[in-house]
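Enquirer: According to my numbering, the residues represented by the sequence shown are 21 to 107, in order.
Dumping the structure here so I can ask a few things about it.
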Amino acid sequence: MSNAITILAALIAGLLLGIFAAGVDPRVVDIADAIGTLWLNGLRMTIVPLIVALLITGIATAARAARAGRQTARALVWFIALLWASA
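Structure below.
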């Protein structure tokens, strides 16, 4: 069974179980809501720092590449100037 089918089956099973549980006892919805809120907050606590770290790394890499470009241009100018002076 592929991952997509397994995920789809679990999604449908969870949906049916939630509908059944809400029909049996309405308090289950409140408990599931609290658990869902905790789950989403936990995901946010891990995702936000990862995104911030990725942005900082990307900016630092871009700055380093720009600095390397200037150094390369400066070295090329010196190389051409020295070749011209030696000729």
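Cβ atoms here follow ideal geometry from the backbone N, Cα and C, with glycine treated the same way.
This structure is a prediction, so every number in the text was calculated from the model and none was measured.
So what does DSSP say about S106, is it helix, strand or coil?
Expert: Three-state result, S106: helix.
Enquirer: How about A54 and V48: are their beta carbons less than 8 Å apart?
Expert: no
Enquirer: Would A52 pass as a contact of G38 if the rule is Cβ separation under 8 Å?
Expert: Less than 8 Å separates the beta-carbon of A52 from that of G38.
Enquirer: Please report the straight-line C-alpha distance between I27 and M21, rounded to a whole angstrom.
Expert: If you take the alpha carbons of I27 and M21, they lie about 10 Å apart.
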